Amino acid sequence: MFETLQAQPADKILALMQMYKDDPRETKIDLGVGVYKDATGLTPIMRAVKSAEHQLWETQDSKAYTGLAGDPAFADAMISMVLGDAVARDCIAAAATPGGTGAIRQAFELIKMARPQARVFVSDPTWPNHLSILKYLDMPVVPYRYFDDETRGVAFEGMLQDLKTAQKGDVILLHGCCHNPTGANLNGEQWNAVIQVLQDAGATPMVDIAYQGFGDGLIADAAATRQVAAAVPECLIAASCSKNFGIYRERTGVLMALSSDTSAQRLNQGTLAFLNRQNFSFPPDHGARLVTMILNDDTLRADWMTELEDIRTTMLGLRSQLAQELQNLSGSDRFGFLAAHRGMFSRLGASPEMVEKLRTDHGIYMVGDSRMNIAGLNSQTVPILAKAIIDVGI
Ligand code: LMR
């Protein structure tokens, strides 16, 4: 039977990871996959995670199943971290998922189940796996303009025009902070305008928040998500712990479905548990338990927040250094957007040929659409990248 299978398109980001691995050059620089690296190139286990693991090893006395939606304490801790008290707890259904991607997949399935014809509006560009999963689930997609190739900021007028074509029953997928792949984000006023469109159209927002704490700070990065959630009757939120807790391989995420009353909450909670059961049964627990321990313990939480702040400010420092180097080399301000972008990524706005030249001539790996992972840099490699960017004519 397997002879009927067709080769699937490679994921651009994961294919790049392999190309980088296969490159024998010692001077190569990996700005591909969105994984934080410290100045030595290591993706460290955060101190609070290590401590929580140690405590867990000492105290955990069973690996029996939790619940289909995971441990409710994890949902509580994540709801509080993402939403604060923006929405009444008894209106929120939540289920643990295998990573943020698991939450996205479950959210799309929930949408399809509730409204098979729903169109999902996605930013152009967006994280490629959004599109890949939507295609796999055969769900209608409507791209909305997002990135201005000239300014490397948000093409806000175009975005609003496109979002205004959404209708009740459609879903608008928004990146809560640190837009992937561009690094360009909406300001407060622009979020207000988007909320107005959501309210006028009656469309349902779905917020993907995978980088909370990597942009302007843990609370600041959640502000837009909280505002959206509080302003509409229904909302989906897919949150990831991969980056902000550095527990990528533990696959820790949560899907929240917000409604305006408790009977809808009960129905949603049951549906999320059902969907988990159909796809993987019980969600992974280890990462979720570590996150719960960290968020609920004052000492662990304080240490985690300090380290997260260090990571965030390191990335901001690299952004400013790169923008400055490029200003010096180019004699212009045209790279100022690098310091204005937030999160791990920036889209350089280079052609695929330039990106290829960076790879072949300089051993610098970034995604073909010129998305680069700022966290793949350090203070020594920033000047090398800056020279290469000028060299290939960006
Ligand atoms: C990325 O965008 O690089 C990360 O979210 C990792 C992934 O799974 O693609």
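Numbering (the working numbering), first residue to last: 20 to 413. Ideal placement from N, C-alpha and C gives every residue a C-beta, glycine not left out. These numbers were taken from a predicted model, which means no experiment stands behind them.
**Request:** Could you pull out every unbroken alpha helix (DSSP H) segment of at least 4 residues lying fully inside the region 249 to 288, listed in chain order?
**Result:** none
Got a sec? Which residues, its chain only, sit under 7 Å from Met65 by beta carbon, not counting five neighbours each side? The beta carbon of Met65 lies closer than 7 Å to those of Phe264, Gly265, Trp323 and Glu326 in the same chain, with the five residues before and after it left out.
| message | Whether or not the region 249 to 257 and the region 269 to 278 are in contact is what I'm after, with contact meaning three or more pairs of Cβ atoms, one per stretch, closer than 8 Å; do they touch? | response | Touching, yes, given that three or more Cβ pairs across the two stretches are closer than 8 Å.
Exercise for the section: Would you check if there are 3 or more beta carbon pairs closer than 8 Å linking the region 359 to 373 to the region 30 to 37? Expected result: No, they do not touch.
| Asp380 versus Asp388, Asn295, Ile408 and Ala358, residue with shortest Cα-Cα distance | Ile408
Give the straight-line distance between the Cα atoms of Cys196 and Thr244, rounded to the nearest whole angstrom.
When rounded, the distance between both Cα atoms is 8 Å.
Legend entry - Distance between Tyr267 and Gln399 (C-alpha atoms, nearest Å): 26 Å
- prompt: Under 8 Å between the Cβ atoms of Ala222 and Asp181?
  reply: no
In this structure, does DSSP put Pro224 in helix, strand or coil?
strand
query = Can you round the beta-carbon distance between Ala239 and Gly119 to whole angstroms, since I take them to be within the 8 Å contact cut?
reply = Rounded, the Cβ-Cβ distance is 19 Å, inconsistent with contact.
task: Tell me where the alpha helix (DSSP H) around Arg171 begins and ends.
output: Arg171 -> no alpha helix (DSSP H), and no H or E assigned at all.
Point to revise | Val52 beta carbon near the ligand LMR (any heavy atom closer than 7 Å) | key: yes
Using a Cβ-Cβ distance cut-off of 8 Å, determine whether Ala83 contacts chain B. Note that chain B does not occur in the displayed structure, where there is just one protein chain.
Ile266: beta carbon under 7 Å from a heavy atom of the ligand LMR? no
Cα separation between Val173 and Glu208?
Here the C-alpha atom of Val173 lies approximately 13 Å from the C-alpha atom of Glu208.
As assigned by DSSP and simplified to three states, the class of Leu237
coil
ask   = Excluding five sequence neighbours on each side, which residues of the same chain lie with their C-beta closer than 8 Å to the C-beta of Gly236?
value = Within the same chain, Gly236 has close Cβ partners Glu328 and Arg331.
>> Taking a contact to mean a Cβ-Cβ separation below 8 Å, would you say Val226 touches Ala122 in this structure?
In response: Using a Cβ distance threshold of 8 Å, Val226 and Ala122 do not count as a contacting pair.
(Q) Which residues does DSSP list as the beta-bridge partners of Asp365? (A) Residue identity check: residue 365 is Ser in the sequence provided, not Asp. Bridge partners of Ser365: Met391.
Worksheet item: What first and last residue would you give for the alpha helix (DSSP H) that runs through Ser300?
Response: Careful: Ser300 lies outside any alpha helix (DSSP H) and carries neither H nor E.
Next item on the list: Identify whether His73 lies in helix, strand or coil by the three-state DSSP scheme.
Entry: Correct three-state label for His73: helix.
Applying the 10 Å Cβ sphere with the 16-neighbour rule, what's the burial state of Arg108?
exposed
Considering only C-alpha positions, which residue in the set Asn287, Gly387 and Leu193 is nearest to Ala203? Checking every option, the nearest Cα to that of Ala203 belongs to Leu193.
| message | Classify Arg285: buried if its beta carbon has 16 or more other beta carbons within 10 angstroms, exposed otherwise. | response | exposed
Quiz item: Where do the N-terminal and C-terminal ends of the beta strand (DSSP E) with Tyr84 fall, by residue?
Solution: Element bounds for Tyr84: n/a, residue is neither H nor E.
- request: Select from Ala307, Gly395, Glu372 and Arg390 the residue whose C-alpha is nearest the C-alpha of Asp410.
  value: In terms of CA proximity to Asp410, Glu372 leads the group Ala307, Gly395, Glu372 and Arg390.
### Query
Is Asp49 buried or exposed, if buried means 16 or more other CB atoms sit within 10 Å of its CB?
buried
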